[in-house]
Structure formats: C-alpha cells, structure tokens
Amino acid sequence: MSDMYNFRLFSYLINSNVFLLQFSIQAPRPPKQPNVQDYQFFPPRLFELLDMEIYAFRKNIGYKVPRDPEDPNGAQNQKEAQRMIDEAEPLTEEEIAEKEKLLEEGFTNWSKRDFNQFIKACEKYGRDDIDNIAHEIEGKTPEEVRAYYEVFWERKEELQDLEKIMAQIERGEAKIQRRISIKKALDAKMARYRSPFHQLRIAYGTNKGKNYTEEEDRFLICMLHKLGLEKENSYDELRIACRSAPQFRFDWFLKSRTAQELQRRCNTLITLIEREMLEIEEKEKKERKRGQKPGNAKTPQQKRKADGTPDGRGRKKKKQ
1390 MSDMYNFRLF SYLINSNVFL LQFSIQAPRP PKQPNVQDYQ FFPPRLFELL
1440 DMEIYAFRKN IGYKVPRDPE DPNGAQNQKE AQRMIDEAEP LTEEEIAEKE
1490 KLLEEGFTNW SKRDFNQFIK ACEKYGRDDI DNIAHEIEGK TPEEVRAYYE
1540 VFWERKEELQ DLEKIMAQIE RGEAKIQRRI SIKKALDAKM ARYRSPFHQL
1590 RIAYGTNKGK NYTEEEDRFL ICMLHKLGLE KENSYDELRI ACRSAPQFRF
1640 DWFLKSRTAQ ELQRRCNTLI TLIEREMLEI EEKEKKERKR GQKPGNAKTP
1690 QQKRKADGTP DGRGRKKKKQ
C-alpha cells in the first residue's frame, strides 16, 4: 500500500475525531460523515473522496486553519493545510455515487469488539493457526473470519496501532513456542522411565528446597505432563488432582497449595529438567562425535541404571 494512501487514511481519521488534534479549536467536518475505521479495510480510494469532501466543506464555511503553537514547523504546516482547503472542490455526482459504492466494500459488519477478539485469537493460537482462529470469534462464521484473516495480513500496514498489535500477537506466539519447548523436555524426561509416577528422579543439585518432598515433586511433574500444558486451566486441574490423590490424603501442605503456588513450583522443576535434558543431549552429541557406534547406545534399562532409578517393579535391584 502506498505512503500516499497511509497519509490520506491518517488524515481522514484525524478529521473524523478518531485522534484528537493538538490545538484547542477542533477543525470542523461535514455533519454526515460516515464512521469508518482502519480495521474495516475500506478501499483506499474511499479515503481520498472523504478527504476531498472534508476540505470542500471547510472551504464552503470559510474555515481558516489555526497554527499549532507546539509544532516547530507550525507556520509551514498551517500554510499547506490552508492551501488544500482553498483549492478544494465539491464532489461531483459521479464521485458521490462512487463514494457510496465504496462504503459498501469494507468490513462494515466488523466492530471494534470483533477486531479485538480476532487479535486475541491470533495471540492465543498463533497467526498460522487459521482453523482455531476461525472458530474463536463470537458472532462470526468461520468463512467470515477466514475472509477477514486474508485481508488483515495483506493490508495490516494500514493499521494505526500496528506496532502495538503485532507486539501483542508475537507475545502470544512466544508463549506457544515456550510451551512446545517445555513439552519436548518433559517428553524426553518421561521417556527415560517405564513408570514415571514411581521412578522419575529430578536432578536438584543445590536447588532442592525445603517445602516440597521428592514424592510431591514427582507427582506434580508427571501429572502436569499427563494433563497437558496447552490447557488454559492446567494448573487448576493439577490442584484438583493433588487434592484427590489418595497418597496425599493426609498431606495438608500439598492439598492447601493454590494453583499459582503449584505453577511456581512446576516452573522451578521444569527449569531443572530442561537443564538436565540439555546436558544429556550435549553429552550424547559429544559421544557421537567421538565415533561411538550405534550398537553401543544405551538401552532404556541402562539409562535407568545411569539415573539411579529402580527397576520396572519399583525396587532397587539387588547385587547378585
């Protein structure tokens, strides 16, 4: 989209009171100007016609552009704005008919609420997940959302708050990537055990802490992995699971934890697991570089031995 179009869109939005002028006397505009918004993506030609209409109206009433005292180029800008008014002409009948036709070509049935829901859906699912986005907007069919989606990503540069909007979407996408990274680490950790709920061990180092037991930590991580991190209420479900687990029926400390407290503890444990999995991955890479043959790779049972975990029956193996 051209810079001239962006200028005309910005100019029209200012004239339509979407943005407040810096000086106290507000520039007048025609009494029946249509209420168009940038997120409705009307054809660029419409804003040219609306600008022409505004300038012609101001010329008709003899409006004089005031100088903005806070603008260092106030005199020059005042002169240019007045010139546009003085040279303006009323719309012809053909131009009026064209304007009315163009007013029907934007997304006129999309409100600010619809637009905000669309942006939140892009934030929640990521810009590429059109299937979920299409079913997220209340009051819109999937087909309507898909049509808007195509135009939005093609013409998003026309939006006045584009930087803010994209930052919101990118924050959501970063969270999605973080969940994927965590799931990958937890999947790798769980795969090292035949029965993670009984066998899983966490490499605490010096970060064990005094409040949670190893049994509690093992349950939290295994149950979180089972419930799934992609859920919005996963930690609420984890809290319910802690309260209903028979092995913790007398564990008042764990049963009294809030969802936020459980999330903080899980975040600590996830960090430890990610660090452990990264160290294992780097170690395996070094072994491959040294030319270790595939036949010498450790079996899951050997991996459990290396972790100091019990055998598949939940007992430490006795020495023969």
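Residue numbering for the sequence shown follows my numbering, beginning at 1390 and increasing consecutively.
Note that the Cβ used here is the ideal one computed from N, Cα and C, for glycine as well.
This structure is a prediction, so every number in the text was calculated from the model and none was measured.
query: Note down, in chain order, each residue of its chain lying with its Cβ closer than 8 angstroms to the Cβ of residue 1474, except the 5 sequence neighbours on either side.; result: 1444, 1447, 1448, 1452 and 1454
query: Pick helix, strand or coil for residue 1667, following the three-state DSSP scheme.; result: helix
query: With a threshold of 8 angstroms, are at least 3 pairs of Cβ atoms found where one atom belongs to the segment 1456 to 1473 and the other to the segment 1505 to 1519?; result: no
query: Assign residue 1597 to one of three DSSP states: helix, strand, or coil.; result: coil
query: For the segment 1653 to 1673 against the segment 1590 to 1610, do three or more pairs of beta-carbon atoms, one drawn from each stretch, fall closer than 8 angstroms, so that the two count as touching?; result: yes
query: State yes or no: is the C-beta of residue 1603 within less than 8 angstroms of the C-beta of residue 1643?; result: no
query: Label residue 1633 either buried or exposed according to how many other C-beta atoms from any shown protein chain fall within 10 Å of its C-beta, with 16 as the threshold for buried.; result: exposed
query: Using a 10 Å radius around the Cβ and a threshold of 16 neighbouring Cβ atoms, would you call residue 1581 buried or exposed?; result: buried
query: Restricting to runs no shorter than 4 residues, where is the alpha helix (DSSP H) found entirely within the segment 1531 to 1560?; result: 1531 to 1544
query: By Cβ distance below 8 angstroms, which residues in the same chain neighbour residue 1411 in space, the five residues on each side in sequence not counted?; result: For residue 1411, the pLDDT reaches just 37, beneath the cut-off of 50, and the residue's location in the model is therefore unreliable, leaving the point undetermined.
query: Can you give the Cα-Cα distance for residue 1413 and residue 1539, rounded to whole angstroms?; result: Here the model assigns residue 1413 a pLDDT of 37, short of 50, so the residue's position is not dependable and the matter cannot be decided.
query: With DSSP collapsed to three states, give me the class of residue 1622.; result: coil
query: Grouping DSSP H, G and I as helix and E and B as strand, with all else coil, what is residue 1722?; result: The structure shown does not extend to residue 1722, since the chain is modelled only from 1390 through 1709, so no value can be given for it.
query: If I measure Cβ to Cβ from residue 1551 and keep anything under 8 angstroms in the same chain, skipping five residues before and after, which residues do I get?; result: 1545
query: Closer than 8 angstroms by C-beta to residue 1542: which residues in its own chain qualify, once you throw out the five before and the five after it? Chain order, please.; result: 1516
query: Excluding the five sequence neighbours on either side, which residues of its own chain have a C-beta within less than 7 angstroms of the C-beta of residue 1571, listed in chain order?; result: 1618 and 1659
query: Between the segment 1484 to 1495 and the segment 1429 to 1441, do three or more beta carbon pairs fall short of 8 angstroms?; result: yes
query: Excluding the five sequence neighbours on either side, which residues of its own chain have a C-beta within less than 8 angstroms of the C-beta of residue 1647, listed in chain order?; result: 1628
query: Under the three-state reduction of DSSP, which class applies to residue 1563: helix, strand or coil?; result: helix
query: So is residue 1589 buried or exposed if we call it buried at 16+ other beta carbons inside 10 Å?; result: buried
query: Using the Cβ count rule (16 or more neighbours within 10 Å means buried), how would you classify residue 1527?; result: exposed
query: Residue 1466 to residue 1489, Cα distance in whole Å?; result: 31 angstroms
query: How should residue 1391 be labelled, buried or exposed, when 16 other C-beta atoms within 10 angstroms of its C-beta is the threshold for buried?; result: Confidence at residue 1391 is low in this model, with a pLDDT of 48, below 50, so its placement is unreliable and no value can be given for it.
query: On the DSSP letters alone, give me the boundaries of the alpha helix (DSSP H) that residue 1480 sits inside.; result: Run containing residue 1480: none; DSSP gives neither H nor E here.
query: Have a look at 1537, 1650 and 1518 and flag the residue whose alpha-carbon is nearest the alpha-carbon of residue 1428.; result: 1537
query: Taking 8 angstroms as the cut-off, decide whether the C-beta atoms of residue 1450 and residue 1417 are in contact.; result: yes
query: Which residues mark the beginning and the end of the alpha helix (DSSP H) in which residue 1443 is found?; result: 1433 to 1449
query: State the CB to CB distance for the pair residue 1441 and residue 1477, rounded to an integer number of angstroms; the pair is presumed to be in contact (CB under 8 angstroms).; result: 7 angstroms
query: Quick check: what's the CA-CA separation for residue 1419 versus residue 1506?; result: 32 angstroms
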